[in-house]
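In this note's numbering, the protein residues as written are 64 to 390.
The C-beta atom is built at its ideal place from N, Cα and C for all residues, glycine as well.
Have a look at the structure below, then the notes.
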Amino acid sequence: MTPTLSAELVNGPFGDPTLYLDFRFERRALLFDLGDLAALAPRRILRVSDAFVSHAHMDHFTGFDRLLRLCLGRETAVRLYGPPGFIERVEHRLAGYSWNLVQNYPADFTLLAHELDNEELRVARFRCHGRFRREPLPARAAPRGLLLDEPAFRVRASALDHDIPCLGFALEEKVHVNVWKNRLHEMALEPGPWLSELKRAVAEDAPDDTPVRANGRVLPLGELKARVLRLVPGQKLCYVTDVVYSADNARRVAALTADADLLFIECVFLDEDAAHAARKFHLTARQAGLLARAARARQVIPFHFSPRYGEREAELRAELEAARAGG
Ligand SMILES: [Zn+2]
Ligand SMILES: [Zn+2]
64 MTPTLSAELV
74 NGPFGDPTLY
84 LDFRFERRAL
94 LFDLGDLAAL
104 APRRILRVSD
114 AFVSHAHMDH
124 FTGFDRLLRL
134 CLGRETAVRL
144 YGPPGFIERV
154 EHRLAGYSWN
164 LVQNYPADFT
174 LLAHELDNEE
184 LRVARFRCHG
194 RFRREPLPAR
204 AAPRGLLLDE
214 PAFRVRASAL
224 DHDIPCLGFA
234 LEEKVHVNVW
244 KNRLHEMALE
254 PGPWLSELKR
264 AVAEDAPDDT
274 PVRANGRVLP
284 LGELKARVLR
294 LVPGQKLCYV
304 TDVVYSADNA
314 RRVAALTADA
324 DLLFIECVFL
334 DEDAAHAARK
344 FHLTARQAGL
354 LARAARARQV
364 IPFHFSPRYG
374 EREAELRAEL
384 EAARAGG
């Protein structure tokens, strides 16, 4: 990944699926799936701002309680995202406990649960001071599955078939815009607020002849881009798990993961057990390799290996790589 992001499978390839994505220079992290979180230090869990849950099978959602327990009593909010029915799952998890005293806690820990249904994002809030009763918020449009759009990155989801709806995710960093200070000097320009305007114009993909005011001069955007800026393309990380191998899923996964720099993909069974994999709505290593090949993914990290292959991990990896290479 880029120097600013690190990605880690919390429980290794055989354990509960959970990917921890750390923003190294911020006190912030994202989680993809909420499997067992016992292996994550509390201080690392407390950095989580958003958790993207593919579906609510137990091995993907059992860590919800640990996240809740650590955050309770803190003035913080965590956003959760999942497939249709997810808000109800969150509501029921919360309803499993008695909350008669929490309305008096000094801090109002808040959960914002989102569920993606086609291109609509339904939202509900659960607040400590509201005894974690469900408070509906207005739904938002989610064009092309857009869940989160921030200055540095965006996250999209696509609904996949796992007998139940299951979300696959793609995180795309936006272009990093760096300024060559020495080149500013060569052009007799001084740093100032105009640089923010310049960066914004680049982020918005404005045409090269767009005039930019810089220290009382007016220069075309294209010239400034060429002479004083260094554009570092962002990277794309994808997370795909718990999907049956079907033409429809293959088409959706290809659209979501196209040109991924880093693809995390489930690899539950060997292809010799393909019939069993289909009954369980999971991928085999070969099928995962074919999807990774279609995505033209630069790096592929398999996970969610079935415990039945405890001694055969190398075979799973080899099968994936062979299908990815073609032939
Ligand atoms: Zn699973
Ligand atoms: Zn599942």
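Would you say the beta carbon of His120 is closer than 6 Å to some non-hydrogen atom of ligand 1?
One-based indexing of the sequence shown puts residue 120 at position 57. Yes - ligand 1 has a heavy atom lying nearer than 6 Å to the Cβ of His120.
Kindly indicate which three-state DSSP category Tyr302 falls into: helix, strand or coil?
Counted from its first residue, the sequence shown places residue 302 at position 239. Tyr302: strand per DSSP, three-state reduction.
Would you mind stating whether Leu284 and Ala269 have Cβ atoms separated by less than 7 Å?
As a first step, residue 284 must be located in the sequence shown, where it is residue number 221. As a first step, residue 269 must be located in the sequence shown, where it is residue number 206. Yes, they are a contact pair.
Specify, as a first and last residue, the run of the beta strand (DSSP E) that Ala70 falls within.
Taking the first residue of the sequence shown as 1, we reach residue 70 at position 7. Membership of Ala70 in the beta strand (DSSP E) is indicated by the continuous run 68 to 72.
Answer yes or no: the CB of Asp322 versus the heavy atoms of ligand 1, is any distance below 6 Å?
Against the sequence shown, residue 322 aligns to sequence position 259. Relative to ligand 1, even the nearest heavy atom lies 6 Å or more away from the CB of Asp322.
What are the complete alpha helix (DSSP H) segments, minimum 4 residues, inside the stretch 206 to 254?
244 to 249
Which residue marks the beginning of the alpha helix (DSSP H) containing Gln350, and which one marks its end?
If you number the sequence shown from 1, residue 350 lands on position 287. Per DSSP, Gln350 belongs to the alpha helix (DSSP H) from 348 to 358.
Are there any heavy atoms of ligand 2 lying less than 6 Å away from the beta-carbon of Asp305, as far as the coordinates show?
Taking the sequence shown and counting its residues from 1, the one referred to as residue 305 is at position 242. Yes, ligand 2 has a heavy atom inside 6 Å of this Cβ.
How would you call Pro256, buried or exposed, if buried means at least 16 neighbouring beta carbons within 10 angstroms?
The residue you call residue 256 lines up with position 193 of the sequence shown. Under this definition Pro256 is an exposed residue.
Taking the Cβ atom as the reference point for each residue, do Glu138 and Ala114 lie within a distance shorter than 7 Å?
Here residue 138 refers to the residue found at position 75 of the sequence shown. Here residue 114 refers to the residue found at position 51 of the sequence shown. Their beta carbons are not under 7 Å apart, which means Glu138 does not touch Ala114 by this criterion.
Among Glu236, Gly126, Asp334, which one has its Cα closest to the Cα of Asn74?
On the sequence shown, position 11 is the one that residue 74 refers to. Of the listed residues, the one whose Cα sits closest to Asn74 is Gly126.
For Gln362, the residue or residues it bridges with in DSSP:
Translated into the one-based positions of the sequence shown, residue 362 becomes position 299. According to DSSP, which records beta bridges pairwise, Gln362 is partnered with Leu325.
Leu200 and Val186 closer than 7 Å at C-beta
Taking the sequence shown and counting its residues from 1, the one referred to as residue 200 is at position 137. Taking the sequence shown and counting its residues from 1, the one referred to as residue 186 is at position 123. Contact flag set, yes.
In whole angstroms, what separates the C-alpha of Lys262 from that of Arg380?
Mapped onto the sequence shown, residue 262 falls at position 199. Mapped onto the sequence shown, residue 380 falls at position 317. A direct Cα-Cα distance of roughly 42 Å separates Lys262 from Arg380.
Mind checking Asp334: buried by the 16 CB within 10 Å criterion, or exposed?
Here residue 334 corresponds to residue number 271 of the sequence shown, with the count starting at 1. Around the beta carbon of Asp334, a 10 Å sphere encloses 16 or more other beta carbons of the protein chains shown; the residue is thus reported as buried.
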